[in-house]
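These notes concern the structure reproduced below.
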Amino acid sequence: MKIYTVNQITNYLKSLIESDDNLKNIYIQGEISNLRKVNEHFYFTLKDEFSVIECAMFSRSSLFLDFMPEEGMQVIVNGSIEVYKKRGYYQLIVEEMKISGKGDLYKQFLELKEKLAKEGLFDKEHKKLLPFFPKNIGVITSTEGAALRDILKVFKKKIPANIFIYPSLVQGEKAVLNIAKGIRLFNVLEHLNIEVIIIARGGGSFEDLSVFNEELIAGEIFNSKIPIITGIGHETDVTITDFVADIYASTPTAAANSVLPDKEEYEVRISEIKYKLYIFSKNIIDNYKKELRFSEEKTIFKKPFTKILEYKQLVDDKQIILNKILYNNLKIFKKDTDKSETILHSLNPEAVLKRGYTITLRNEEIATIENIKGGDEITTIFKNGKVESRVIKKVENEN
695 MKIYTVNQIT NYLKSLIESD DNLKNIYIQG EISNLRKVNE HFYFTLKDEF
745 SVIECAMFSR SSLFLDFMPE EGMQVIVNGS IEVYKKRGYY QLIVEEMKIS
795 GKGDLYKQFL ELKEKLAKEG LFDKEHKKLL PFFPKNIGVI TSTEGAALRD
845 ILKVFKKKIP ANIFIYPSLV QGEKAVLNIA KGIRLFNVLE HLNIEVIIIA
895 RGGGSFEDLS VFNEELIAGE IFNSKIPIIT GIGHETDVTI TDFVADIYAS
945 TPTAAANSVL PDKEEYEVRI SEIKYKLYIF SKNIIDNYKK ELRFSEEKTI
995 FKKPFTKILE YKQLVDDKQI ILNKILYNNL KIFKKDTDKS ETILHSLNPE
1045 AVLKRGYTIT LRNEEIATIE NIKGGDEITT IFKNGKVESR VIKKVENEN
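In our numbering, the protein residues as written are 695 to 1093.
Here it is as structure tokens:
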């Protein structure tokens, strides 16, 4: 029985692998992962859906790259397989690297990103704040996609608002002009009083989302007087549009959640405003009282009675003015609160029933003419009871 040392086996494997012409000057495509840069050397893992391979690209080769490798980038590398004796594993020594898959599109994306960053379009100082409780919201998206359905589903659970939808293409050559026109339109139609704009689309490939990497759209977002929030693709998708937007949300659903507060959050905020208003008013009154005490102490030996009367009169006058201001503010605030309560009450299903309407359910879900067929059992709810029935025939409106 022959016994080998670790070094002997490693050397044997090294000679086998490095003498194999099939493993020399080969091209491999994959995704960069675990990227590290040491001086001008790059160390990374190249992976696909099933396997990984360790890679090293030394400065003699990396200096000739015309782009900067990044985590998650799809690339094609050229090199030869060698054995790294110290660690006992094989690795690809990379001589050349180019972007794959996204190709020229990704290169254009990186170049435009760098250009706009230098021009200041991504700077925080240009970001506009979203209003806490917008009453008018503009949405730019396709009416055919899931993005709009997701947004409207979220809004149903939020404080009521007016939603204005600009139907736009979100893919293809015409989509760029469509989206840019939608942004301009919401800014020009001042009578709509749009307070925030959502630009959204569902997921897709890098090529599908390339519309949102166009300089025209980036410029329109930057020049918009109205705050813009983007919800494009999935959580891993980031576009030029996202960098320029005032708020970036990872998905259409996240964008909708960022725009309007929940009902509970709204009530908490109202309570906070009431408390802050009380504290503000109290501080003003307390400051006037302090001024009065200071004046009394200061003039106590110089015609004290006359000076005190003067300051008391001054404080009384200011307190009357303050009370009027406080009363008017509270009156306006109560009017707004009552209006919100009326809106919320009108949306209550029980209020709808009391106005003489009914609600029809099928399998405990709200029924529509599209999801009812003959023979279905349905439940019709009135304000004072319900009726169980079976559908004999359905007739749809021709329009």
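For glycine and all other residues, C-beta sits at the position ideal for the given N, C-alpha and C.
Contact set for residue i: own chain, Cβ-Cβ below 7 Å, skip 5 residues either direction
i, result
"Glu1090", "Ile1063"
"Ile697", "none"
"Asn1065", "Arg1056"
"Leu804", "Phe761"
"Gly766", "Glu725, Ile726"
"Lys957", "Ile853"
"Val848", "Thr947, Ala950, Asn951"
"Lys1087", "Gly1068"
"Gln802", "none"
Proximity of residue i and residue j at Cβ, strictly below 7 Å
i, j, result
"Ile893", "Thr924", "yes"
"Pro921", "Asp940", "yes"
"Gln768", "Ser794", "yes"
"Ser730", "Tyr737", "For the sequence presented, residue 730 should be read as Arg rather than Ser. Yes; because the gap between Cβ atoms is below 7 Å, this pair is in contact."
"Ala949", "Ile911", "no"
"Lys741", "Gly724", "yes"
"Gly897", "Gly927", "yes"
"Tyr783", "Ile853", "no"
"Leu824", "Thr835", "no"
"Lys780", "Thr704", "no"
"Asp1070", "Val1081", "no"
"Leu986", "Val962", "no"
"Thr1054", "Thr1074", "yes"
"Phe1076", "Thr1052", "yes"
Residue burial classification, residue i (beta-carbon count within 10 angstroms, cutoff 16)
i, result
"Glu914", "buried"
"Val870", "buried"
"Ala811", "exposed"
"Asn1022", "exposed"
"Glu929", "exposed"
"Ile967", "exposed"
"Asp1030", "exposed"
"Val890", "buried"
"Ile973", "exposed"
"Asp844", "buried"
"Val700", "exposed"
"Ser1083", "exposed"
"Glu908", "buried"
"Thr1005", "The question names Thr, but residue 1005 is Tyr in the sequence shown. Classification for Tyr1005: buried."
"Val864", "buried"
"Ser713", "exposed"
"Ser755", "buried"
Alpha carbon of residue i to alpha carbon of residue j, nearest angstrom
i, j, result
"Arg895", "Ser952", "16 Å"
"Ile1014", "Gln1007", "11 Å"
"Glu808", "Glu764", "14 Å"
"Ile770", "Tyr706", "29 Å"
"Leu883", "Ser918", "13 Å"
"Asn772", "Asn719", "6 Å"
"Val938", "Phe826", "21 Å"
"Leu886", "Ile859", "12 Å"
"Pro828", "Lys1018", "29 Å"
"Phe995", "Ser975", "Annotation note: pLDDT 49 at Phe995 (below 50); position unreliable, no value reported."
"Tyr800", "Leu759", "15 Å"
"Leu710", "Ser862", "60 Å"
"Asn977", "Ile857", "40 Å"
"Lys1025", "Glu813", "48 Å"
"Ile964", "Ala855", "17 Å"
"Ile1072", "Lys850", "24 Å"
"Thr739", "Leu846", "42 Å"
"Val777", "Asn716", "15 Å"
"Ala840", "Tyr969", "41 Å"
"Leu757", "Asn728", "20 Å"
Neighbourhood of residue i by C-beta, 6 Å cutoff - its chain only, sequence neighbours within 5 removed
i, result
"Phe752", "His735"
"Ile888", "Asn830, Gly832, Phe880, Ile920"
"Ser899", "none"
"Lys821", "Asp940"
Any chain D beta carbon closer than 7 Å to residue i
i, result
"Ile979", "Here chain D cannot be found, since the structure has a single protein chain."
Contacts around residue i, its chain only, beta-carbon distance under 8 Å, and the 5 residues preceding and following it disregarded
i, result
"Ile651", "The question about residue 651 has no answer here: the residues shown for the chain are numbered 695 through 1093."
*Three or more C-beta pairs below 8 Å linking the region 778-792 and the region 740-752*: Below 8 Å, enough C-beta pairs join the region 778-792 and the region 740-752 to call them touching: three or more.
_Cβ contact check for the region 903-910 and the region 930-938: 3 or more pairs under 8 Å_ = Enough Cβ pairs lie closer than 8 Å, so yes.
*Are there three or more Cβ pairs, one per stretch, closer than 8 Å when the region 942-950 is compared with the region 812-820?*
With the cut-off at 8 Å, the region 942-950 and the region 812-820 do not touch.
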